[in-house]
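See below for the structure under consideration.
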Amino acid sequence: MVIQQPSGQKKLTNSTVSELRFVKLTSPYEAITTGTDKAFGAAIADWCQALEVARIPQVMQTFYQVYRQDEPIAFVVTHTLHKLNLARYFPASLKSFFLRLQQMGLSVFYLTILFAEIPLANRPGIVFTVDLTPEEQDVVESFVVNWLMANCSYDLLCVKKAHGREIDGLATVPFLANMAMDLPFDDFNHYVQQRSTNARYTIRRNKRTFEEAGCYFQWRDTVAPFEAEIMALYDSTCAYHAQRDEMEVPIPIGKSYFDALDQVQTLRKKVLTIWQKETMIGFGVMIESNGAWFFKICGLDYERAPAVRAYFNLYYELIAEALRHGVHYVDFGANTYETKRRIGASPRDTYYSLHFKKWLFKPLLYVLKMTVNNHKKETLAP
Numbered sequence: 001m002v003i004q005q006p007s008g009q010k011k012l013t014n015s016t017v018s019e020l021r022f023v024k025l026t027s028p029y030e031a032i033t034t035g036t037d038k039a040f041g042a043a044i045a046d047w048c049q050a051l052e053v054a055r056i057p058q059v060m061q062t063f064y065q066v067y068r069q070d071e072p073i074a075f076v077v078t079h080t081l082h083k084l085n086l087a088r089y090f091p092a093s094l095k096s097f098f099l100r101l102q103q104m105g106l107s108v109f110y111l112t113i114l115f116a117e118i119p120l121a122n123r124p125g126i127v128f129t130v131d132l133t134p135e136e137q138d139v140v141e142s143f144v145v146n147w148l149m150a151n152c153s154y155d156l157l158c159v160k161k162a163h164g165r166e167i168d169g170l171a172t173v174p175f176l177a178n179m180a181m182d183l184p185f186d187d188f189n190h191y192v193q194q195r196s197t198n199a200r201y202t203i204r205r206n207k208r209t210f211e212e213a214g215c216y217f218q219w220r221d222t223v224a225p226f227e228a229e230i231m232a233l234y235d236s237t238c239a240y241h242a243q244r245d246e247m248e249v250p251i252p253i254g255k256s257y258f259d260a261l262d263q264v265q266t267l268r269k270k271v272l273t274i275w276q277k278e279t280m281i282g283f284g285v286m287i288e289s290n291g292a293w294f295f296k297i298c299g300l301d302y303e304r305a306p307a308v309r310a311y312f313n314l315y316y317e318l319i320a321e322a323l324r325h326g327v328h329y330v331d332f333g334a335n336t337y338e339t340k341r342r343i344g345a346s347p348r349d350t351y352y353s354l355h356f357k358k359w360l361f362k363p364l365l366y367v368l369k370m371t372v373n374n375h376k377k378e379t380l381a382p
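For the sequence shown, position 364 matches number 364 in full-length UniProt numbering, and the numbering has no gaps at all.
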């Protein structure tokens, strides 16, 4: 989608910030997102609406439009997590200590966290709808942050960004990158031919292992009628990563969320299921937006999937299907960086700008930095 140019206005600066105003919306569909930059913009409203339909008790989304005079220049998505146990995101040694304290009845580090971020997407919650320079974007981000700080209740404010520029009064820390790749190939065979000799050998070996084990794929447009199997695979994946002390997904999604993905009928998605004979051993959910695909949710049977190289083959099939549909950009999301690097993806960095309302919690910034750095070192595939 082409970004609109501002209608002949002067450059936005701190001296003209008085021209901006904040309008709260009752639904993501009220937002004016014409001109939203990057491919995911077309899916934002539907993606957020799925979370609204799911009605997860711990999560509250809020939507805003930022205007410069009468021109909409940004769409803002926030979500609040109440009583999030921040100790679960500490490095392993500290985590075990504070979780033991909590088991003894000391309710420390249960915080209300306000995210300016598209939930479950690892993407900025301040989405610009006109073409602004980086300096003008900084002015808008500061305006949004100051408004949130003055008008919202929270213990910790987390502003997700695609750049590392500072926001006054907030600490900016690197977060988990999304892995993505362009697909300038005619088909999957062309993609394989462009890989290195070692990579081609690995792809063919993994595909042979997968096929000889009686495994195959099915593509669907809905989660139904396999909600139970998909939910079980998702739960087993979360449990597997929790056992390895890896960073947890802060939003608890269950059956209501997978049902909601089908209920929001305008959400363009594809569901890939992986089977070994008659047993489902994995799945992945892709969101389609503006000619690009975004890999969002995954689940595997860890007793079966590793031996048949299901995770690698999931990505091969995703690339093949994307090319069959003329899609030439895929965002694979965060985590399992080494696996995604091997298939040709590269990082798209993300950052958080953080603000603790109470000075007592400010030392936690260093702890959170340690957690993210430790997690980035985790490069093993599931």
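Ideal Cβ positions, reconstructed from N, Cα and C, are used throughout, including at glycine.
What you are looking at is a predicted structure, and each value in this text was computed from that prediction instead of being measured.
CB of residue i within 7 Å of CB of residue j, strictly
i: residue 75; j: residue 127; result: yes
i: residue 203; j: residue 59; result: no
i: residue 271; j: residue 223; result: yes
i: residue 10; j: residue 64; result: no
i: residue 165; j: residue 138; result: yes
i: residue 206; j: residue 312; result: yes
i: residue 109; j: residue 87; result: yes
i: residue 155; j: residue 362; result: no
i: residue 260; j: residue 50; result: yes
i: residue 279; j: residue 46; result: no
i: residue 240; j: residue 302; result: yes
i: residue 167; j: residue 145; result: yes
Residue of the options minimising C-alpha distance to residue i
i: residue 353; options: 125, 62 and 73; result: 125
i: residue 78; options: 287, 120 and 70; result: 120
i: residue 304; options: 267, 247, 357 and 237; result: 237
i: residue 355; options: 113, 49, 56 and 73; result: 113
i: residue 30; options: 40, 20 and 48; result: 48
i: residue 162; options: 141, 62 and 362; result: 141
i: residue 346; options: 90, 329, 200 and 254; result: 329
i: residue 308; options: 281, 321, 290 and 341; result: 281
i: residue 342; options: 195, 254, 253 and 225; result: 195
Rounded separation between residue i and residue j - CA only
i: residue 209; j: residue 336; result: 21 Å
i: residue 370; j: residue 186; result: 42 Å
i: residue 153; j: residue 147; result: 11 Å
i: residue 243; j: residue 306; result: 17 Å
i: residue 198; j: residue 326; result: 27 Å
i: residue 365; j: residue 150; result: 21 Å
i: residue 211; j: residue 233; result: 21 Å
i: residue 89; j: residue 248; result: 7 Å
i: residue 27; j: residue 200; result: 47 Å
i: residue 12; j: residue 44; result: 26 Å
i: residue 291; j: residue 85; result: 38 Å
i: residue 171; j: residue 134; result: 19 Å
i: residue 61; j: residue 253; result: 15 Å
i: residue 235; j: residue 184; result: 35 Å
i: residue 262; j: residue 57; result: 20 Å
i: residue 221; j: residue 111; result: 38 Å
i: residue 316; j: residue 190; result: 12 Å
i: residue 40; j: residue 268; result: 11 Å
Expected contact under 8 Å - CB spacing of residue i and residue j to nearest Å
i: residue 367; j: residue 81; result: Residue 367 to residue 81, Cβ: 18 Å. No contact.
i: residue 310; j: residue 318; result: The pair is not a contact, with the Cβ atoms about 12 Å apart (cut-off 8 Å).
i: residue 83; j: residue 117; result: Contact doesn't hold; Cβ gap of about 18 Å is too wide.
i: residue 331; j: residue 180; result: 4 Å
i: residue 274; j: residue 314; result: 6 Å
i: residue 219; j: residue 321; result: 6 Å
i: residue 372; j: residue 174; result: 7 Å
Beta-carbon contacts of residue i that lie in its chain and below 7 Å, excluding the five residues immediately before and after
i: residue 122; result: 176, 178, 333, 334 and 350
i: residue 359; result: none
i: residue 169; result: 355
i: residue 55; result: 256
i: residue 258; result: 223, 227, 230 and 231
i: residue 14; result: 139
i: residue 182; result: 328 and 329
Cβ-based neighbour list, residue i, same chain, cut-off 6 Å, excluding 5 preceding and 5 following
i: residue 286; result: 270, 293 and 295
i: residue 143; result: 17 and 20
i: residue 297; result: 285
i: residue 67; result: 21
i: residue 344; result: 181
i: residue 136; result: 12
Any C-beta of chain C under 7 Å from that of residue i
i: residue 200; result: Of the chains in the structure shown, none is chain C; there is only one protein chain.
Sequence-distant residues of the same chain with beta carbon closer than 8 Å to residue i, five excluded per side
i: residue 32; result: 65, 72, 75 and 129
i: residue 214; result: 276 and 277
i: residue 348; result: 162, 177, 178, 179, 180 and 331
i: residue 158; result: 113, 114, 115, 116, 117, 352, 353 and 354
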